[in-house]
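J.:
Numbering (the numbering used here), first residue to last: 581 to 742.
This is the structure we're talking about:
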């Protein structure tokens with residue numbers, strides 16, 4: 581089922597409408613911040629005035645909302661793209677968000693953006709962080725990571741009473 585959304589609040593609402601569910605895999609993240617006052621009209625320049633002040637407010641944390649939801653799925657999987665302290669940040673995210681698994685990616689310089697990096701490249705090396713510890717996966721194609729993650733999720737679902 582595809583639900584088209586434009587704003588983080590709409591995405592949160594769409595996800596919550598799909599509950600209850602056996603598993604939730606959060607592979608896309610919305611921006612952490614949005615402008616407080618958005619407009620569908622052009623913001624015109626005014627002679628002698630500078631640009632308007634854009635006040636930022638926090639977007640909803642959809643992963644945390646579902647991870648702590650009263651209808652929480654039996655398995656909640658999130659992702660962490662980090663540029664520093666990969667494992668420490670992924671472990672903190674696991675606890676804070678109420679997730680069962682965090683797929684942690686190091687996207688720092690050298691392994692980050694561009695054809696040879698994680699972002700834009702076709703290869704990846706992830707760590708799977710859970711309460712049981714950290715499982716390091718070898719570098720592989722992103723398709724292989726996806727297939728291996730799908731197999732891990734299927735195996736985990738066998739042990740969950742739904």
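From the three backbone atoms N, C-alpha and C, an ideal C-beta is built for every residue, glycine too. Please read all numbers here as calculations on a predicted model, not as lab measurements.
#1: Taking residue 715 as the reference, give the member of 679, 612 and 683 with the closest Cα.
#2: Would you tell me roughly how many angstroms separate the C-alpha atoms of residue 728 and residue 598, rounded to the nearest one?
#3: First and last residue of the alpha helix (DSSP H) that includes residue 638?
#4: Nearest-angstrom Cα distance between residue 692 and residue 624?
#5: Here's the rule: buried if 16 or more other CB atoms are within 10 angstroms of the residue's CB, otherwise exposed. What is residue 617?
#6: On the premise that residue 659 lies in contact with residue 639, defined as a C-beta separation below 8 Å, what is that separation, rounded to the nearest angstrom?
#7: Out of 655, 646, 661 and 627, which has the shortest C-alpha to C-alpha gap to residue 711?
#8: Compute the distance between the beta-carbons of residue 646 and residue 709, then report whether it is under 9 Å.
#9: My assumption, with CB atoms under 8 Å, is that residue 588 sits in contact with residue 605. Please give the rounded CB distance.
T.: In terms of the structure at hand:
#1: Residue 683 holds the alpha-carbon nearest to the alpha-carbon of residue 715 among 679, 612 and 683.
#2: Rounded to whole angstroms, the separation of the alpha carbons of residue 598 and residue 728 is 25 Å.
#3: No alpha helix (DSSP H) holds residue 638; the beta strand (DSSP E) holding it covers 636–638.
#4: Residue confidence for residue 692 is low, a pLDDT of 46 falling below 50, so the modelled location carries little weight; the figure read from the coordinates is stated next. Looking at the two C-alpha atoms, the distance is approximately 37 Å.
#5: So residue 617 counts as exposed.
#6: Going by Cβ atoms, the distance from residue 639 to residue 659 rounds to 16 Å, so no, they are not a contact pair.
#7: It is 655 whose Cα lies nearest to the Cα of residue 711.
#8: Cβ atoms of residue 646 and residue 709: not closer than 9 Å.
#9: Actually they do not touch by this definition, with Cβ atoms about 18 Å apart.
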